[in-house]
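Structure first, then comments.
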Amino acid sequence: MISSQATKEIFLRTSEMERLEFEPQHQRMRERLMPLVFALFHYFETYRDLHVRHINSGGVPLRHQVFTMNPIEVQVMSMYDDETLLKMHQVFPLVISSFSRRLRPPSYAGQIERAFKGYLKDRPADEVYATVLAVGGLRQAQQFWEMKGYNIRRAAVDTWYGFVTRSPVEVPTKSKMGTKIISHLGRKKHQQAEVATSETAAHHDVTCCNEWFCVKPSCVSARRRHSTDNLVFYNSLAAGPPMAPLSKETLRHILPDLPHLSNIWMHTAEALILERKIVNRPQDIKRNSEVLLALIKEDEVVVAANPVDNWTTPRTSVHTEALAAATGAVGN
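When the sequence shown is numbered by the numbering used here, its final residue is 365 and no position is left out of the sequence of numbers.
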């Protein structure tokens, strides 16, 4: 999606003929972006995991620390070699800019056109972007990315952000006297029928439920003792899917400690790149226009048979579960 958006909005290839002519450059851009977006998926997953561990272990919140480089970001970035870190840093503004454009009305639309077409909401606040990236990661951002229609995307973001930030509502308890009186006036309850009705309303069939990942509170299979004969308990899938939803208690501690959108990645990465002497000066780091030209440039010398390896193949150990999501975020 990043490459398709860049082709249309930056390289201005809008007609079918122009897109066909630009297809070789589009394919090179997609193949070179894929491993870097894959690595950024890993970065956000690992950062959230380390941040939660830091808070839960009684560490000093980041908002109460004075630092030049975010210590948790440094810990994650130390997993990447020099070339990978540099190219991830150069691509990061392009990824965030592409995501930001998906959540704001078209820049060419004035107030009258926005009202006529129903673009009633402006872009989300910076703290919403920061929460999506820090709590949901690029996986959550991709889900918003793929939604068709601006109003649908904006409504989905507001709903998700409200669910993450709001406090659980306590249901008031009824008095026992009132319950007894009402119970005598009505018909006798049938508990099994109610459970079946609730399961039907939730569109959840417990007979065909996969007990490993089911999170339905009414699921009978989820309450059974799990068999360890299944191979899933002996590999990385036993930990569940990456970037699983956080508990309300964890969110209550994490949300006030999230960095500002402008402080995510950029400052720490640039300082670390200079400290590791990957480049000598900040001016040697490619900016957006240079990055885009490098992404579509034809290789003068073929180094490997696989074009993905020619420009940017991260040499690091990351969650393989994120590869499919990264492929979807870059493609189309």
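Using N, Cα and C, we set each Cβ at its ideal position, and we do this for glycine too.
All values reported here derive from a predicted model rather than from experimental measurement.
| query | result |
| --- | --- |
| Buried/exposed call for Leu53, threshold 16 Cβ in 10 Å | exposed |
| Alpha carbon of Tyr152 to alpha carbon of Ser133, nearest angstrom | 16 Å |
| Environment of Met67 [buried if 16+ CB atoms lie within 10 Å] | buried |
| Of the listed residues Thr283, Ile318 and Leu305, nearest to Met112 (C-alpha basis) | Leu305 |
| Beta-carbon spacing of Leu45, Leu171 below 8 Å | no |
| contact_flag[the region 98-113, the region 71-88] where n(CB pairs < 8 Å) is 3 or more | yes |
| Element boundaries [alpha helix (DSSP H), containing Phe44] | Looking at the DSSP string, Phe44 is not in any alpha helix (DSSP H), and its letter there is neither H nor E. |
| Asp342 versus Arg65 - alpha carbon distance | Any answer about Asp342 is weak, because its pLDDT of 49 lies below 50 and its placement is not dependable; what the coordinates show is given next. C-alpha separation (whole angstroms): 8 Å. |
| With 16 other Cβ atoms within 10 Å as the buried cut-off, status of Ser280 | exposed |
| Contact check, Met62 vs Ile329, beta carbons under 8 Å | yes |
| For Thr101, three-class secondary structure by DSSP | coil |
| Selection from Glu42, Leu166 and Lys181 that minimises the alpha carbon distance to Trp193 | Leu166 |
| Alpha-carbon to alpha-carbon, Val93 and His87 | 8 Å |
| Cβ neighbour criterion (16 or more within 10 Å) applied to Leu326 | exposed |
| Coil, strand or helix - Trp178 by DSSP | helix |
| With 16 other Cβ atoms within 10 Å as the buried cut-off, status of Arg187 | buried |
| Buried or exposed by the 16-neighbour rule on C-beta atoms within 10 Å, applied to Val99 | exposed |
| Same chain only: Cβ atoms within 7 Å of Trp178, ignoring 5 sequence neighbours per side | Met34, Phe132, Arg135 and Ala362 |
| Exposure label - Gln123; buried when at least 16 CB within 10 Å | buried |
| Same chain, Cβ closer than 6 Å to Lys319, neighbours up to 5 away in sequence not counted | Gln123 |
| With 16 other Cβ atoms within 10 Å as the buried cut-off, status of Ile185 | exposed |
| Per-residue burial, His217 [other beta carbons within 10 Å of its own, 16 or more giving buried] | Low per-residue confidence applies at His217: pLDDT is 46, beneath 50, and the placement is therefore not dependable enough to give any value. |
| Alpha-carbon to alpha-carbon, Ile145 and Glu116 | 48 Å |
| The ligand ATP heavy atom lying under 7 Å from the CB of Val107 | You won't find the ligand ATP in this model; it holds no ligand whatsoever. |
| Proximity below 8 Å, CB of Pro278 to CB of Ala163 | no |
| Beta-carbon proximity check, Val197 vs Val168, cutoff 8 Å | yes |
| Given Asp159 as reference, the closest of Gly91, Asn296, Pro57 and Gln175 once Cα atoms are compared | Asn296 |
| Collapsed DSSP secondary structure at Asp290 in the structure displayed | helix |
| Buried/exposed call for Thr47, threshold 16 Cβ in 10 Å | exposed |
| Nearest-angstrom Cβ-Cβ length linking Cys289 and Arg147, presumed shorter than 8 Å | Per the sequence presented here, residue 289 reads as Pro, with Cys not at that position. Actually they are not in contact, since the Cβ atoms of Pro289 and Arg147 sit about 34 Å apart, beyond 8 Å. |
| Nearest-angstrom beta carbon gap, Glu323 and Pro315 [assumed within contact, 8 Å] | Between Glu323 and Pro315 the Cβ distance is about 13 Å, and since that is not below 8 Å, they are no contact. |
| Secondary structure of Trp298, DSSP reduced to three states | coil |
| Unbroken alpha helix (DSSP H) run spanning Asp115, endpoints | Asp115 to Arg135 |
| For Arg309, three-class secondary structure by DSSP | coil |
| Endpoints, alpha helix (DSSP H) assigned at Arg52 | Glu49 to Glu54 |
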